[in-house]
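Protein chains in written order, with this note's numbering: chain A, 1 to 292; chain B, 1001 to 1176.
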């Protein structure tokens, strides 16, 4: 342990209202810590710069999964163990349930929260591609009240997001209208457990005959933050799906992707693999249509 | 290590292996260090210190956690089980017996974490498939690469072989 536990203050107000008042009283001064699977790694390595931390762990007000009329609301403090074992998530947001099973290990899944995953803002975040292709919304909370924004506009840059200094992520809302969509999610990492993505790709699509009526494609590790691939989607929208359309979509992805070289992979590998994953998704769509 | 942000350490209470314990420790002290240094429960090992290897696995409120990633303050009020609570010399837990008899323990560093991950897996899923065993232990690394024998140990305990032996009082070393 290179970090110094004495050099940091951690407090637990014990209620959501208590946390919100604390951070509103000194905006930007307190760093929230939920399951600690990111912050404690930095702490052990002696590179945790934040001195004052406020615990969100154990706040029941942030740990819920509720199905309402048209969406499933997931509290920011919901762990990936909660997510993967929840029947409603498995049925209504299967890509999210699937992503939850491959985050870290069982021990990480029992501590890591969906809110932490999004606020941490890693370009490789495991839950993000699924949330993007489900058109999820995020709900932010402060003493001023709650507000909702599309998840697609939450990340604004590398490790930057649209939250004000006095806000917390309260919940994620996944609309319940993808039941008839074909859905796809695949992550490519070094090994199955514990590995952070080299690249991941998600998709939801609705075909009408061979024509693409609706399609959403999103990726992790192709940009400074998880993103929808709007240009790639645009080449497919309304078009009959076939080998030419698939190749053009893959070319569009290679154009649109802005990956980097880092310790986990290279930009060239990430782009190529993402294009291959897109090909797999689109060919699955085509095959499913042929068998109808 | 001279920098100090808070004047005094909070008092943190939790139940470890059935016993209520209270420590005065910085909130950001790792649960791993509280267990080992404050409570002298040195069965829990530190491997990587970054949540990758599972050597420090303990059960907290019925879930498996890496104790190196739990700040002490977040253990307030929790129920914690470490390898010391599993069994003891002369009265080994069936999981410990299985690891001994099947050769699931080699150098020993990963073993406490493997035992706790196995305890967690079997608490949730008493009859796991080999795939479920592999997934349940995927966060626990054995640098001796003894995974085959570790999985065999879990299979043996899940099949009730160790329980049967305990009941019949024939827990001798016949494997080999």
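Positions of the beta carbon are idealized from the N, C-alpha and C atoms, including for glycine.
In this structure, residue 198/A sits near residue 264/A, with a CB-CB distance shorter than 8 Å. Taking CB atoms only, residue 37/A has a neighbour in chain B less than 8 Å away. Interface annotation for the region 1040–1066 of chain B against chain A: 1049, 1050, 1051, 1052, 1054, 1057, 1063, 1064, 1065 and 1066, criterion Cβ-Cβ distance under 7 Å. Taking 8 Å as the threshold, the shortest C-beta distance from residue 1006/B to chain A falls below it. Contact between residue 83/A and residue 130/A is ruled out by a C-beta separation of about 10 Å, above the 8 Å threshold. DSSP places residue 145/A outside any alpha helix (DSSP H); the residue lies instead in the beta strand (DSSP E), whose first and last residues are 145–150.
By the Cβ test, the region 1086–1101 of chain B is not in contact with the region 1046–1065 of chain B, since fewer than three Cβ pairs between them sit closer than 8 Å. For residue 11/A, the neighbours in chain B by C-beta distance under 8 Å run, in chain order, 1027 and 1073. Think of a sphere of 9 Å around the beta carbon of residue 1033/B: the chain A residues whose beta carbon falls inside it are 1 and 5, in chain order. In this structure, the straight-line span from the alpha carbon of residue 278/A to that of residue 249/A is close to 8 Å.
In this structure, DSSP gives residue 163/A a state outside helix and strand, which the three-state scheme calls coil. Sorting 1051/B, 1017/B and 1093/B by C-alpha distance to the C-alpha of residue 1141/B places 1051/B at the top. Residue 1071/B counts as buried, since at least 16 other C-beta atoms from the protein chains shown sit within 10 angstroms of its C-beta. Between residue 73/A and residue 205/A a beta carbon distance of about 25 Å is seen, past the 8 Å cut, so the two are scored as non-contacting. Any Cβ of chain B closer than 8 Å to the Cβ of residue 212/A would place that residue at the interface, and such an atom is absent. Buried is the label assigned to residue 81/A, since at least 16 other Cβ atoms lie within 10 Å of its Cβ. Among the CB atoms of chain B, none fall inside 8 Å of the CB of residue 125/A. When Cβ-Cβ separations below 8 Å define contact, residue 1100/B makes no contact with chain A.
Under the 10 Å beta carbon count, residue 291/A is surrounded by fewer than 16 other beta carbons and is classified as exposed. Annotation for residue 32/A: 54 and 56 place their beta carbon closer than 6 Å to its own, counting only its chain and skipping 5 residues before and after.
Annotation: residue 245/A to residue 256/A spans about 16 Å, alpha carbon to alpha carbon. For residue 1021/B, same chain residues with a beta-carbon under 8 Å away, outside a window of 5 residues either side, are 1013, 1014, 1015 and 1039 in chain order. When only Cα atoms are considered, residue 1109/B and residue 1150/B end up about 13 Å apart. DSSP, reduced to helix, strand and coil, places residue 1143/B outside both helices and strands of the structure shown, so it counts as coil. The beta carbon of residue 200/A sits closer than 6 Å to the beta carbons of 129, 187 and 220 from its chain, once the five residues preceding and following it are set aside; these are given in chain order. From the beta-carbon of residue 40/A, the residues of chain B found nearer than 9 Å are 1028, 1030, 1050, 1051, 1066, 1068, 1069, 1070 and 1071. Within chain B, 1063 have C-beta atoms less than 8 Å from the C-beta of residue 81/A, given in sequence order.
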